[in-house]
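Following the numbering used here, the numbering of the sequence shown begins with 1 at its first residue and continues without gaps. In this text, a Cβ means the ideal position worked out from N, Cα and C, and glycines have one as well. Just so we're clear, the structure is a prediction, and the values are computed from it rather than from any experiment.
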Amino acid sequence: MPDLLTSLSAALPVFWSNPLLNQKTQSDLPEHYEGNAIGLEAIRRAEKRFKTFAPLLAQLFPELATVNGQIESDLVPVPAMQNALELPSTCGQLWVKADHALAVAGSVKARGGFHEVLEVTEQISQKHNLLSLEDDILSLLQAPAREVFSQYQIAVGSTGNLGMSIGVMAAALGFRAVVHMSSEAKNWKKTRLRSLGVQVVEHFGDYEQAVFQGRLLAESDPLCHFVDDERSTSLFLGYAASAFHFQKQLQERCIQVDAGHPLCLYIPCGVGGAPSGIAWGLHHVFGRHVRCYFAEPVQSPCFLVQMLTGMTKHPSIYDFGLNNRTEADGLAVPRASLLAAECMKSILAGVFTVEDATLFQHLQLLFSTEGIRIEPSAAAGFSGIRWLADKCNPLTTHVVWTTGGSLVPDAEFQKFLAWPRF
Ligand SMILES: Cc1ncc(COP(=O)(O)O)c(C=O)c1O
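Laid out in structure tokens, this is it:
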């Protein structure tokens, strides 16, 4: 049997189980990340922020009016998909957490991205005395507030979906919105952003280059807030806040989570902010009964190489002879977020990698069995259960977090269905 690193370097699918899971480890987090900055109270503050801004979001976006401005997704059983994956009920039950359908931004990135834009909005509003009372939130849609916001720029470096969420929200509130993207990012995402008044700056190279260039440009402008996908605690808290609604959904569906009823989650991972934020929030709500597994493309397993290497180094997948080429554009990231990796040291249950062919197979299967449309990145979680099948029992709940896809144009989705012939 080839060892893990040999298989990983050969771009073969691998599964890694975290030996430090549930161990007490010394945290190497920078001081300002500790305690209050990302602890339970901070996660609750993020949840409260979403609630405070909900009436404003309901006014800004017609699709949010019927849900009172709430940024949330369904938790749905997918029995036909479970059948098609040949997972017997002795393995437990399969569910989908449908972040692919999150309104306005169409991906998990709505959680972190909207939260950071709302937090910045709050700070600027306080600085300019725009907001006297909490119930005054709709005044931020009026001309005086928009006049102030228009002086500020909100910028981000993105593979696509984070740019979509930051760009759309920032532009809708009246900020100057700039999204730095790698030239390889999907064209339809760039076109959509431009049509919404967002400035898209293309950078030659990969996602890391786009973030680096964007960060550099933003540093020279004191009225620019740069959303840093690799380091932002605000993004992280936006993802983590999903735990409270998710807990409610499990209760409503009578899904028990305890020592006898484990909950296994499979979440696609790029730089690691979104899946780690979600896992962090769930850890604070459920403790050790939740087991989070991250899914990465075989050519871009940046989080896995970071976990294998330890926190004293910051490796890139290129160091392992991999090329970062994958149709899962949201996951095409060469180097992980250190904040995310540090937080996951003893919380993450494991990581597995997926070939592009499997992503498309599962994307097509989910559409044909359940009528659910997702993008390739969002299909990464479905092969996780296979690795665990012999460790599960009928009381295990499996949740695949489908992280994006509802905004994919029809012509693009037809190409996904026709793969490998496109
Ligand atoms: C659809 C989708 N899923 C998952 C992710 C991974 O998120 P992160 O890069 O924070 O790990 C992304 C990132 O853009 C994405 O677009």
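Query: DSSP-derived helix/strand/coil call for Leu12; Result: coil
Query: Beta bridge counterpart(s) of Asp258 as assigned by DSSP; Result: His261
Query: Contiguous beta strand (DSSP E) assignments of at least 3 residues, all confined to the stretch 307–384; Result: 348–354
Query: Minimum C-alpha distance to Leu235 - residue among Phe367, Met81, Ala379 and Arg49; Result: Arg49
Query: Cβ neighbour criterion (16 or more within 10 Å) applied to Ala155; Result: buried
Query: Length at least 3, wholly inside the stretch 386–410: the beta strand (DSSP E) runs in chain order; Result: 397–401
Query: Coil, strand or helix - Tyr207 by DSSP; Result: helix
Query: First and last residue of the uninterrupted beta strand (DSSP E) at His289; Result: That residue, His289, is in no beta strand (DSSP E); it is neither H nor E in DSSP.
Query: Check whether Trp419 and Phe360 have beta carbons under 7 Å apart; Result: yes
Query: Per-residue DSSP class, three states only, for Phe280; Result: A quick correction: the sequence has Trp, not Phe, at residue 280. It is helical.
Query: Boundaries of the beta strand (DSSP E) in which Gln93 is found, first to last residue; Result: Gln93 to Lys97
Query: Contact check, Val14 vs Leu21, beta carbons under 7 Å; Result: no
Query: Helix, strand or coil at Pro297 [DSSP, three-state]; Result: strand
Query: At least 3 beta-carbon pairs within less than 8 Å: the stretch 290–304 vs the stretch 320–330; Result: yes
Query: Nearest residue (CA-CA) to Gln93, options Ala389, Thr312 and Ala411; Result: Ala389
Query: Where the alpha helix (DSSP H) containing His245 begins and where it ends; Result: Ser242 to Glu252
Query: Among Ile124, Ile71, Ala259 and Lys97, the one whose alpha carbon lies nearest that of Leu223; Result: Ile124
Query: Gln82 - containing alpha helix (DSSP H), residue span; Result: Pro79 to Ala84
Query: Cys269: CB within 6 Å of a non-hydrogen atom of ligand 1; Result: yes
Query: The beta strand (DSSP E) enclosing Gln123, as first and last residue numbers; Result: Segment Lys109 to Lys127 is the alpha helix (DSSP H) holding Gln123; no beta strand (DSSP E) there.
Query: Host alpha helix (DSSP H) of Ile166 (start-end); Result: Asn161 to Leu173
Query: Distance cut-off 6 Å: Thr52 Cβ against heavy atoms of ligand 1; Result: no
Query: Local Cβ density within 10 Å of Phe204, reported as buried at 16 or more and exposed below that; Result: exposed
Query: Pick from Met181, Ile267, Glu147 and His362 that is closest to Glu86, judged by C-alpha positions; Result: His362
Query: Simplified DSSP assignment, three categories, for Ile38; Result: coil
Query: Beta-carbon contacts of Leu193 that lie in its chain and below 7 Å, excluding the five residues immediately before and after; Result: Gly163, Met164, Gly167, Val179 and Val200
Query: Inter-residue Cα distance where the pair is Asp258 and Cys264; Result: 12 Å
Query: Pair within 7 Å by beta-carbon distance, Val96 and Val78; Result: yes
Query: Backbone CA spacing between Leu495 and Pro315 [nearest angstrom]; Result: Residue coverage of the chain in this structure runs from 1 to 422, which leaves residue 495 outside it and unanswerable.
Query: Closest by C-alpha distance to Thr396, when choosing among Ile255, Val117, Thr233 and Glu41; Result: Ile255
Query: Proximity winner among His398, Trp387, Leu56 and Gly405, relative to Met169 (alpha-carbon distances); Result: Leu56
Query: For Ala341, the nearest candidate out of Gly273, Gly404 and Gln249 (CA to CA); Result: Gly273
Query: Check whether His284 and Leu40 have beta carbons under 7 Å apart; Result: yes
Query: Enclosing beta strand (DSSP E) for Phe226 [first to last residue]; Result: Cys224 to Val227
Query: For Ile374 and Gly405, believed in contact at Cβ under 8 Å, the rounded distance; Result: 4 Å
Query: Coarse secondary structure for Tyr239, derived from DSSP in three states; Result: helix
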